[in-house]
Amino acid sequence: MRRSLLLRLFVLSALVAVASIAATAWLAARTTSGAIQQEQGQALADDGNIYRGLLKYAATHPNWHDVGAQVRGTASITGRRIALTLTDGTPIADSATDGRPLPLRPSIVVDPLSVDSGLGQDTTADRIDPDAVGPYALSEADRANLGAVAQRVLRCVQGRSGLGSIETSPGGHPRIEGADPFVLSSCNGSALSKPTKTEQAALDQLSTLVNACLNRGPESKPLAQIQVLPDFTWVHRGVAAEESEQAVRSCLNAARREQLTPFVAPAASLYLTAPGGEPPAGFTLSPENKVRLFQVAGGILLLTLLVTAFAGLRLIRPLRALTGAARRMEAGETGAQVKVRGRDEIARLGTAFNAMSASRERLEETRKMMVSDIAHELRTPLSNIRGWLEATQDGISRLDDELVDSLLEEAVHLQHIVDDLQDLALADAGALRLHPEPVDVAALLAQVVAAFRPEGVSLTVSADPVELTADPVRLRQAVGNLVSNAVRHTPAGGSVVVRGRRDGDDVVIEVADTGAGIAAEDLPHVFDRFWRADKARTRGTGGSGLGLAIVRKLAEAHGGTATAASVPDQGSTFTLRLPAGTAAP
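Going letter by letter, the sequence shown gives residues -19 to -1, 1 to 566 in mature numbering (1 follows the signal peptide of the UniProt record, and there is no 0).
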């Protein structure tokens, strides 16, 4: 036992060690991967911030003349070299002052009219930077007037629904967001949707550029006239345009770029390198990430030790409990139990031990009860025989024919008890021999009923002409026990019916009476040994209490079953269900 336990502990420790090594490698890889992603994410975030900052400058300035200060300030924050040139290579600004050459290819092109979303920059379907407003920018007076209108509308909307907020476009035009359209309309929200004179003039100019693009071609083609709306959608005016929506959208995008070009800086090449001018090198873990890796590795090793100790204690504790319970059973305690936790092998072993202990306790109780019952059944006839013989020996009584008949009745009763116990012992040992042969069920039932002449009880047979293969002697014994039990518990004026019929591949024999019946709580015990409904165990209310137990054993020996059903105050029905084929030898 101790060697087996040590072996299991060794195997468990090895598994824990392997698992801890694998976990350490996995967590180290995950931590390193996280550190890599963090470092790379920071680099990408820095590049994105640089790009977005320069893009915003280009969208709000007509040239790059004053971008140098922004380039140098951003370079000092990010630790990167930032250089800008025109697309033809003309220098614009450079954070480095040593004149080192730039890489052959730029990192990205900064063009507010063709935004690259690769660095996380927000853009529209036409790839024009939202900050590039050009002629749509409102004057300070328009901003103030619309701001006051927006505040009044917002107060009205929030007063009615509690929702809404002011959002201002890059051009300075406010609008109400998050409000119910009906509430917004009732609060004169349309006052904010109308373009100002500045915006309308820019839209008219844009419409002219779009129409000019659409009407290029043969003069015989109908002239397309569209009007661009503030959200850069359009409506047709006059003659319907034959061009597809895709053609209109293409002309609109081209016209917007043409309209905004004078107001934004020209496209520029952006170079992002290390401070010395070389391309960005591979990342290196920061001190914080290195400390984190060491902490993870140390934590895993500590956790491994704790898990190993916990697993060892968890394995040994239930085994000690099982050993203690087994020793208590060895000392005579029949119902020793252990606490079961979990669903592992040891828990299943504990469950099996508890079941074995409970079964042993039940068997011990049954054994004691059976010994008591046998002693009770044998005591009465033996006491009667001894008493009468002693009385005769003392001259108190005379050994006449009546006394001999009484003593013979007691001896026969003892013989029946011994025979029943022997039958049960043979059945329990699997040594009950059967001699199967074809049996006429109707004839056998008639023979059994003919052997009984109950007084005041109607005993009849109702059997179909069926046959089965069974031991006729044992079958008559089983049916006789059922009939005897039914007659004994049926009061005068009642009836007992014995029926036989075919049910599929089985032959069913039923013995039904109109007696007092059996209580529902007693019904599961009717086939138990020495069980009788009359707890007083008087001779007049029951036999030895072994008859029904023998019936069940004989039915099982034939490969069948014995069952009982009862309704209190109406009667009981005992059923033998036997296979019609050859019985087991």
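No residue lacks a Cβ here, since even glycine has one placed at the ideal position from N, Cα and C.
query: According to DSSP, which residues form a beta bridge with glutamine 208?; result: Val216
query: Are the CB atoms of aspartate 487 and arginine 533 within a distance shorter than 7 Å?; result: no
query: When DSSP labels each residue in this structure, what does arginine 558 get in the three-state scheme?; result: strand
query: Could you say which of His154, Pro162, Leu165, Val191 lies nearest to threonine 179 if we only look at CA atoms?; result: His154
query: Classify isoleucine 377 as buried or exposed, calling it buried when 16 or more other Cβ atoms lie within 10 Å of its own Cβ.; result: exposed
query: Between Gly562, Asp123, Ala39, which lies nearest to residue 604 when the distance is taken from Cα to Cα?; result: Because residue 604 is not part of the residues shown, which for the chain are -19 to 566, the question remains open.
query: Are the segment 68 to 79 and the segment 114 to 130 touching by the rule of at least three beta carbon pairs closer than 8 Å?; result: no
query: Out of Ala40, Gly34, Thr41, state which residue places its alpha-carbon closest to the alpha-carbon of threonine 59.; result: Gly34
query: For the ligand ZN, is there a heavy atom less than 6 Å away from the beta-carbon of threonine 59?; result: The ligand ZN is not part of this structure, which contains no ligands at all.
query: I think isoleucine 147 touches leucine 135, with their Cβ atoms under 8 Å apart; what is that distance to the nearest whole Å?; result: 6 Å
query: List the whole-angstrom C-beta distance separating alanine 473 from glycine 437, where the pair is believed to meet the contact cut-off of C-beta under 8 Å.; result: 3 Å
query: Mind checking who serine 439 pairs with in its DSSP beta bridge?; result: Ser476
query: For the segment 304 to 317 and the segment 332 to 341, state whether three or more C-beta atom pairs, one from each stretch, are separated by less than 8 Å.; result: yes
query: Leaving aside the five residues before and after glycine 279 along the sequence, list all residues of the same chain whose C-beta is less than 8 Å from its C-beta, in chain order.; result: none
query: Proline 560: which of Ser547, Gly526, Ser150, Thr450 sits nearest, CA to CA?; result: Thr450
query: Given glycine 552, which residues of its chain have a CB within under 6 Å of its CB, disregarding the five upstream and five downstream residues?; result: Asp494, Thr495, Gly496, Gly498
query: Using the three-state DSSP reduction, which class does threonine 285 fall into: helix, strand or coil?; result: helix
query: Leaving out the 5 sequence neighbours to the left and right, which residues in its chain are closer than 7 Å to phenylalanine 334 when beta-carbon positions are compared?; result: Leu303, Ala306, Val319
query: Determine the DSSP secondary structure at isoleucine 531, reduced to helix, strand or coil.; result: helix
query: When you compare only the Cα positions, how much space is there between valine 464 and arginine 379?; result: 37 Å
query: Whole angstroms is fine: what's the gap from glycine 170's alpha carbon to aspartate 110's?; result: 27 Å
query: Between the C-alpha atoms of aspartate 156 and leucine 173, what's the straight-line distance to the nearest angstrom?; result: It is worth fixing the name first, because residue 156 is arginine in this sequence and not aspartate. Rounded to whole angstroms, arginine 156 to leucine 173 spans 6 Å at the Cα level.
query: Measuring straight from C-alpha to C-alpha, what distance separates leucine 425 and alanine 545?; result: 21 Å
query: For glycine 143, count neighbouring C-beta atoms within 10 Å of its own C-beta (all shown protein chains included) and say buried if the count is 16 or more, exposed if not.; result: exposed
query: Distance check for glycine 526 and serine 364, CA to CA, integer angstroms please.; result: 19 Å
query: Would you list the one or two residues that DSSP bridges to leucine 253?; result: Ile63
query: Quick one: Cα of threonine 78 to Cα of glycine 29, how far?; result: 24 Å
query: Cα separation between arginine 298 and isoleucine 281?; result: 25 Å
query: If contact is defined by three or more beta carbon pairs under 8 Å, each pair taking one atom from either stretch, is the segment 178 to 198 in contact with the segment 237 to 254?; result: yes
query: Based on the DSSP output, what are the partners of threonine 542 in its beta bridges?; result: Arg558
query: When burial is assigned at 16 or more other CB atoms within 10 Å of the CB, is phenylalanine 555 buried or exposed?; result: buried
query: Are there 16 or more other CB atoms within 10 angstroms of the CB of alanine 262, so buried, or fewer, so exposed?; result: With a pLDDT of only 45 at alanine 262, under the threshold of 50, the placement of this residue in the model should not be trusted; the figure read from the coordinates follows. By the neighbour-count rule (16 or more Cβ atoms within 10 Å), alanine 262 is not buried but exposed.
query: Helix, strand or coil for isoleucine 490, going by three-state DSSP, please let me know.; result: strand
query: Going by C-alpha distance, which of Val507, Glu342, Thr332, Val229 is nearest methionine 310?; result: Glu342
query: Which of the three DSSP states, helix, strand or coil, is assigned to arginine 414?; result: coil
query: Straight-line CA distance for serine 443 to leucine 359?; result: 37 Å
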